[in-house]
Amino acid sequence: MSSNHPLDQLYRQVIMDHYKNPRNRGVLEGTNVDVNMNNPTCGDRIHLTMKVEDGKVADVKFEGEGCSISMSSASMMTQAIKGKTVEEALRSPTFFPT
231 MSSNHPLDQL
241 YRQVIMDHYK
251 NPRNRGVLEG
261 TNVDVNMNNP
271 TCGDRIHLTM
281 KVEDGKVADV
291 KFEGEGCSIS
301 MSSASMMTQA
311 IKGKTVEEAL
321 RSPTFFPT
(Lines of atoms letter the chains of each structure in order from A; the text may use other names.)
(Lines give C-alpha, C1' and ligand atoms only; values in the text may rest on other atoms or scores of the structure.)
Protein backbone atom coordinates (compact mmCIF):
# COMPACT_ATOMS: atom_id res chain seq x y z
CA MET A 231 0.00 0.00 0.00
CA SER A 232 1.36 3.39 -0.98
CA SER A 233 1.05 6.40 1.28
CA ASN A 234 0.79 9.98 0.16
CA HIS A 235 2.15 11.39 3.41
CA PRO A 236 4.33 14.41 2.54
CA LEU A 237 7.26 13.05 4.55
CA ASP A 238 7.33 9.64 2.83
CA GLN A 239 9.65 10.86 0.07
CA LEU A 240 11.99 12.41 2.63
CA TYR A 241 12.09 9.16 4.62
CA ARG A 242 12.91 7.20 1.47
CA GLN A 243 15.67 9.68 0.61
CA VAL A 244 17.18 9.42 4.11
CA ILE A 245 17.10 5.62 3.99
CA MET A 246 18.72 5.47 0.56
CA ASP A 247 21.34 8.07 1.51
CA HIS A 248 22.40 6.04 4.56
CA TYR A 249 22.35 2.84 2.48
CA LYS A 250 24.50 4.26 -0.33
CA ASN A 251 26.72 6.36 1.98
CA PRO A 252 26.74 4.58 5.34
CA ARG A 253 28.08 6.51 8.29
CA ASN A 254 30.50 4.86 10.72
CA ARG A 255 30.98 1.77 8.58
CA GLY A 256 33.99 -0.33 9.50
CA VAL A 257 35.47 -2.13 12.47
CA LEU A 258 37.04 -0.38 15.46
CA GLU A 259 40.19 -1.83 17.01
CA GLY A 260 40.66 -1.93 20.78
CA THR A 261 36.95 -1.90 21.55
CA ASN A 262 35.28 -2.93 24.77
CA VAL A 263 31.93 -3.79 23.16
CA ASP A 264 31.65 -6.23 20.26
CA VAL A 265 28.22 -7.47 19.19
CA ASN A 266 27.10 -9.72 16.33
CA MET A 267 23.43 -9.69 15.34
CA ASN A 268 21.85 -12.01 12.80
CA ASN A 269 18.33 -12.33 11.49
CA PRO A 270 17.97 -15.96 10.41
CA THR A 271 14.69 -15.23 8.63
CA CYS A 272 16.01 -12.75 6.08
CA GLY A 273 19.78 -13.23 6.42
CA ASP A 274 20.65 -9.71 7.58
CA ARG A 275 23.71 -9.57 9.79
CA ILE A 276 25.40 -6.72 11.63
CA HIS A 277 28.69 -6.64 13.52
CA LEU A 278 28.86 -3.67 15.90
CA THR A 279 32.09 -2.53 17.56
CA MET A 280 32.06 0.19 20.18
CA LYS A 281 34.36 2.04 22.54
CA VAL A 282 32.70 3.03 25.80
CA GLU A 283 34.65 5.48 27.95
CA ASP A 284 33.44 7.02 31.21
CA GLY A 285 29.98 5.58 30.65
CA LYS A 286 29.60 7.18 27.20
CA VAL A 287 29.77 5.81 23.67
CA ALA A 288 33.07 7.34 22.54
CA ASP A 289 33.03 5.69 19.11
CA VAL A 290 31.00 3.09 17.24
CA LYS A 291 31.19 1.38 13.86
CA PHE A 292 29.30 -1.37 12.11
CA GLU A 293 29.87 -3.89 9.34
CA GLY A 294 27.28 -6.15 7.84
CA GLU A 295 25.18 -7.37 4.99
CA GLY A 296 21.49 -6.98 4.47
CA CYS A 297 18.69 -5.02 2.93
CA SER A 298 18.66 -1.26 2.58
CA ILE A 299 16.46 -0.90 5.66
CA SER A 300 18.76 -2.86 7.99
CA MET A 301 21.97 -1.26 6.71
CA SER A 302 20.45 2.23 6.82
CA SER A 303 19.13 1.59 10.32
CA ALA A 304 22.58 0.51 11.50
CA SER A 305 24.12 3.64 10.00
CA MET A 306 21.50 5.90 11.61
CA MET A 307 21.82 4.09 14.94
CA THR A 308 25.57 4.70 15.08
CA GLN A 309 25.00 8.41 14.55
CA ALA A 310 22.24 8.48 17.15
CA ILE A 311 24.21 6.78 19.94
CA LYS A 312 27.68 8.30 19.48
CA GLY A 313 28.38 10.59 22.43
CA LYS A 314 25.41 9.33 24.42
CA THR A 315 25.59 7.64 27.80
CA VAL A 316 25.15 3.87 27.72
CA GLU A 317 21.73 4.32 29.33
CA GLU A 318 20.68 6.79 26.63
CA ALA A 319 22.04 4.54 23.89
CA LEU A 320 20.07 1.56 25.17
CA ARG A 321 16.77 3.43 24.91
CA SER A 322 14.91 2.68 21.72
CA PRO A 323 14.81 5.90 19.70
CA THR A 324 11.96 6.54 17.32
CA PHE A 325 13.21 7.98 14.05
CA PHE A 326 10.02 7.70 12.04
CA PRO A 327 6.36 7.98 13.02
CA THR A 328 4.32 4.79 12.85
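If you're matching positions, the sequence shown starts at 231 in our numbering and goes up one per residue. Where a beta carbon is used, it is the ideal one built from N, C-alpha and C, also for glycine.
In this structure, the beta-carbon distance from Lys286 to Val257 does not fall below 9 Å. His235 counts as exposed, since fewer than 16 other beta carbons sit within 10 angstroms of its beta carbon.
In the three-state reduction of the DSSP assignment, Thr315 falls in the strand class. Partner residues in a beta bridge of Lys250, as assigned by DSSP, do not exist. Along the region 270-322, the beta strand (DSSP E) occurs as fully enclosed runs of 3 or more residues at 275-283 and 286-295, listed in sequence order. Pro270 counts as exposed, since fewer than 16 other C-beta atoms from the protein chains shown sit within 10 angstroms of its C-beta. For Ala319 and Met301, the gap between their C-alpha atoms comes out near 18 Å. As the crow flies, the alpha-carbon of Met307 is around 15 Å from that of Asn266.
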